[in-house]
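Protein chains in written order, with our numbering: chain A, 1 to 167; chain B, 168 to 286.
Even glycine gets a Cβ: it sits at the ideal position worked out from N, Cα and C.
Just so you know, these numbers come straight off a predicted model, no measurement behind them.
Heads up: the structure comes next, in structure tokens.
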């Protein structure tokens, strides 16, 4: 794991302010360099780094215009029989049509991610984008594993619905 | 702790007659492999029989794959270079603390990268 890359991805996807991502990344890395010697257990570094970047993001917290404050209820996120779609997954194949579809879908996914309330966006980022375990995410965010699972499930339903709306 | 019904199943799977909406609540656990093998088999059976739920599970799985792909962001080389330079500058202004950390002596003397870009 490269601390710089983690910090940059986190800043771009979770903080959502692309113009501030570089500053947030640098603040987090600086803090990491200053305090890394205090971390004695090797497994403690990764959660510590994610928490540090999250704190750097929160320090600069400035809600963007249009950033949601409320998450849709579970009922609002459930699929309707007529609304089920067939998403094209990103495909390693290189046909131009396929690439264009994948690029559009990824752009739509990034847009959908930005419209998730931050606590949900954090869980999706750590769990689905970074591939951390439920236990690790719970440790980083200092919430229960049940809470991680609940947020993740709702966030996934939300993202699926947003993509469906765009098809 | 896993929630189970008196018959040992997850509550959403306790009765065959449960609605699809209830089964949807555990589809993330199914995708993440966090259901017991018994519940997994029961849900797998339902997904094979119910076109709507089967399609929904496939869509959700695909959107997770898409999310992972959308998260693949490359750190630009220029950003990496600027970060190294700035951190090196800041580390030079620090003095070690007795417990192994360090303290910034004059952090305000160094401009943030954004301030520099704006100059």
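*Please list the residues of the segment 226-253 of chain B that have a C-beta atom closer than 9 angstroms to any C-beta atom in chain A, keeping them in chain order.*
226, 227, 228, 229, 230, 231, 232, 233, 234, 235, 236, 237, 238, 239, 240, 241, 242, 243, 246, 247, 249, 250, 251 and 253
*Kindly indicate if chain A contains any beta-carbon less than 9 angstroms away from that of residue 201/B.*
yes
*asked:* What would DSSP say about residue 119/A, mapped onto helix, strand or coil?
replied: helix
*residue 155/A: buried (16+ other C-beta within 10 angstroms of its C-beta) or exposed?*
buried
*asked:* Under 9 angstroms, Cβ to Cβ, is there at least one residue of chain B near residue 102/A?
replied: yes
*asked:* I need the straight-line Cα distance from residue 141/A to residue 149/A, nearest angstrom please.
replied: 12 angstroms
_Please classify residue 40/A as buried or exposed, where buried requires at least 16 neighbouring CB atoms within 10 angstroms._
exposed
_Residue of 38/A, 23/A, 46/A and 121/A minimising C-alpha distance to residue 3/A_ = 46/A
_DSSP-derived helix/strand/coil call for residue 243/B_ = coil
*Closer than 8 angstroms, Cβ to Cβ, to anything on chain B: give me those residues from the segment 31-54 of chain A, in chain order.*
33, 34, 35, 37 and 38
*In chain B, which residues lie less than 7 angstroms from residue 124/A when you measure between Cβ atoms?*
234
*Is DSSP giving residue 275/B helix, strand or coil here?*
The predicted model places residue 275/B with a pLDDT of 45, which falls under 50 and marks its position as unreliable; any figure quoted below should be read in that light. The answer is helix: DSSP assigns residue 275/B an H, G or I state.
*asked:* Comparing C-alpha positions only, which one of 60/A, 7/A and 144/A sits nearest to residue 242/B?
replied: 7/A
*Using a Cβ-Cβ distance under 9 angstroms, would residue 12/A count as near chain B?*
yes
*Assign residue 230/B to buried or exposed, taking buried as 16 or more other Cβ atoms, counted over all protein chains shown, within 10 Å of its Cβ.*
buried
*With a 10 Å radius around its C-beta and 16 neighbouring C-beta atoms as the bar for buried, classify residue 186/B as buried or exposed.*
exposed
_What would DSSP say about residue 223/A, mapped onto helix, strand or coil?_
The requested residue 223/A does not occur in the structure, where chain A is confined to residues 1 to 167.
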